[in-house]
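Chemist: Residues 984 to 1288 (my numbering) make up the sequence shown, in order.
Every residue gets a Cβ at the ideal spot worked out from N, C-alpha and C, and that includes glycine.
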Amino acid sequence: MTFAQRLDRIRGLTDTRLAALLRTNTERLEGDAPSPERLSQAIRHATLGGGKRFRPFLVIESAALFGLPEDAALDTAAAVECVHCYSLAHDDLPAMDNDALRRGQPTVWKAYGEWAAILAGDALLTAAFETLSQPATHASADVRLQLIAGLARAAGVAGMVGGQALDLEAERAAGRAPLSLAAILHLQRLKTGALIRFSCEAGAILGEAGDEAREALRRYGDAIGLAFQIADDLLDAEGDAATVGKAVSKDAAAGKATLVSLMGREAARAELARVETSAVAVLLPFGDRAGPLIEAARFVAARNR
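(1) Could you compute how far the alpha carbon of residue 1025 sits from the alpha carbon of residue 1268?
(2) Could you tell me whether the Cβ atoms of residue 1186 and residue 1280 are closer together than 8 Å?
(3) In whole angstroms, what separates the C-alpha of residue 1274 from that of residue 1160?
(4) Can residue 1137 and residue 1178 be called in contact, C-beta distance under 8 Å?
(5) Which of the three DSSP states is assigned to residue 1085 in this structure?
(6) Please report the distance separating the alpha-carbon of residue 1192 from that of residue 1050.
(7) How big is the Cα-Cα spacing for residue 1190 and residue 1069?
(8) Taking buried to mean at least 16 other C-beta atoms within 10 Å of its own C-beta, is residue 1143 buried or exposed?
(9) If contacts are defined as beta-carbon pairs under 8 Å, then residue 1210 and residue 1255 qualify, I think. What distance do you get, rounded to the angstrom?
(10) Going along the chain, which residues of its own chain have a beta-carbon closer than 6 Å to the beta-carbon of residue 1074, five neighbours each way excluded?
(11) Start and end of the alpha helix (DSSP H) containing residue 1147?
(12) Can you tell me which of the three DSSP states residue 1286 falls into?
(13) Should residue 997 and residue 1052 be called a contact, given that it needs their Cβ atoms to be closer than 8 Å?
(14) Express the C-alpha separation of residue 1055 and residue 1084 in angstroms, rounding to a whole number.
(15) Do residue 1030 and residue 1001 have their C-beta atoms closer together than 8 Å?
(16) How many Å lie between residue 1093 and residue 1032 at the Cα?
(17) Classify residue 1244: buried if its beta carbon has 16 or more other beta carbons within 10 angstroms, exposed otherwise.
(18) Consult DSSP for residue 1036 and reduce its assignment to one of helix, strand or coil.
(19) So is residue 1257 in contact with chain B if we call contact Cβ pairs under 8 Å?
(20) Residue 972 to residue 1242, Cα distance in whole Å?
(21) Do residue 1041 and residue 1261 have their C-beta atoms within less than 8 Å of each other?
Quick look at the structure:
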């Protein structure tokens, strides 16, 4: 099976599981009580409107390193994707990045209004932790607790939310000096990298692996998280909206300091190649089992959307 076929297979599995989770939540509202139909539609739009499902891929393939089948990691993968989809629904809001297009479709707030987008994000975030708390996610309560704590850290002030706050502060602070390269790397390690890093480590948690294996997957996650952000910055600078599926050239228009704006495009591409090589090297001790994750690093470095 090629990497593209493997990614597509896991995308399908994730979509099916997410749809089932959404149905379960909707069924709880059935009966005499009215269902908040607009909210339900907004949640579906945020969650099932496309996407590569790259983070679920990382969860499932990292777990496979320790002999876990796909279905043993699928609920964790779906929980991570719920957090990712929530973050996109909120990031697109007028008070945040003010985007009208996502994955080639209207963003959630554009399609259903701001209040529905906010509540859809809230619902997805809480659904993620409910999913991780269930025995179906893993038989061990200790493992489930580690997953909940790890995802909370990755999504919170010390992770994705904190990175987004630093990004918005830097963009909107009049007269403030542009961020340094070190500050941008720190910001992106939180905003983009934390959830990717957890997606990789989650496989080791599910597999009840030792500290050495967990650290290796954290380092791999750090590397591809940085690669993902450099590629994203290059896409914003060089891509077109039709291919990328969202607005481009926004960073330059906002005067935002990015890795590309500070390093230049050629230096950024060289750094992207270096980080890709670093990610692959971390996986070598895992042997042939790491093939899909090695291909994932190459996919991130070469992506065009």
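Modeler: According to the data block:
(1) Position 42 of the sequence shown holds residue 1025. Position 285 of the sequence shown holds residue 1268. Taking the straight line joining both Cα atoms gives about 44 Å.
(2) Residue numbering aside, residue 1186 sits at position 203 when the sequence shown is read from its first letter. Residue numbering aside, residue 1280 sits at position 297 when the sequence shown is read from its first letter. No; because the gap between Cβ atoms is not below 8 Å, this pair is not in contact.
(3) Reading the sequence shown from its first residue, position 291 is the one you call residue 1274. Reading the sequence shown from its first residue, position 177 is the one you call residue 1160. C-alpha separation (whole angstroms): 43 Å.
(4) For the purposes of this step, residue 1137 is identified with residue 154 of the sequence shown, where counting begins at 1. For the purposes of this step, residue 1178 is identified with residue 195 of the sequence shown, where counting begins at 1. With contacts defined as CB atoms closer than 8 Å, residue 1137 and residue 1178 qualify as a contacting pair.
(5) Reading the sequence shown from its first residue, position 102 is the one you call residue 1085. Residue 1085: strand per DSSP, three-state reduction.
(6) To locate residue 1192, count along the sequence shown from 1; it is residue 209. To locate residue 1050, count along the sequence shown from 1; it is residue 67. Answer to the nearest angstrom: the Cα atoms are 11 Å apart.
(7) To locate residue 1190, count along the sequence shown from 1; it is residue 207. To locate residue 1069, count along the sequence shown from 1; it is residue 86. Near 27 Å, if we compare the C-alpha coordinates of residue 1069 and residue 1190.
(8) Locating residue 1143 in the sequence shown gives position 160, where the first residue counts as 1. With 16 or more Cβ atoms within 10 Å of its Cβ, residue 1143 is classed as buried.
(9) The sequence position of residue 1210 within the sequence shown is 227, counting from 1. The sequence position of residue 1255 within the sequence shown is 272, counting from 1. Indeed they touch by this definition, with Cβ atoms about 6 Å apart.
(10) Mapped onto the sequence shown, residue 1074 falls at position 91. Hits under 6 Å: 1080.
(11) In the sequence shown, counting from the first residue as 1, residue 1147 sits at position 164. Taken as a continuous stretch (DSSP letters only), the alpha helix (DSSP H) holding residue 1147 covers 1143 to 1155.
(12) If you number the sequence shown from 1, residue 1286 lands on position 303. Coil.
(13) As a position in the sequence shown, residue 997 is number 14, starting the count at 1. As a position in the sequence shown, residue 1052 is number 69, starting the count at 1. Taking 8 Å as the Cβ cut-off, residue 997 and residue 1052 do not qualify as a contacting pair.
(14) As a working mapping, residue 1084 is identified with position 101 in the sequence shown. As a working mapping, residue 1055 is identified with position 72 in the sequence shown. Rounded to whole angstroms, the gap between the alpha carbons of residue 1084 and residue 1055 is 34 Å.
(15) Here residue 1030 refers to the residue found at position 47 of the sequence shown. Here residue 1001 refers to the residue found at position 18 of the sequence shown. A contact, by the Cβ cut-off of 8 Å.
(16) Numbered from 1 along the sequence shown, position 110 holds the residue referred to as residue 1093. Numbered from 1 along the sequence shown, position 49 holds the residue referred to as residue 1032. Spanning the two alpha carbons is a distance of roughly 14 Å.
(17) Within the sequence shown, residue 1244 is the residue found at index 261, counting from 1. Buried, because 16 or more other Cβ atoms sit within 10 Å of the Cβ of residue 1244.
(18) Position 53 of the sequence shown holds residue 1036. Reduced to three states, the DSSP call for residue 1036 is coil.
(19) Although the question refers to chain B, the structure presented lacks it and comprises just one protein chain.
(20) Because the chain here runs from 984 to 1288, residue 972 falls outside it and cannot be looked at.
(21) Residue mapping note: residue 1041 aligns to position 58 of the sequence shown, counting from 1. Residue mapping note: residue 1261 aligns to position 278 of the sequence shown, counting from 1. No Cβ-Cβ contact shorter than 8 Å links residue 1041 with residue 1261.
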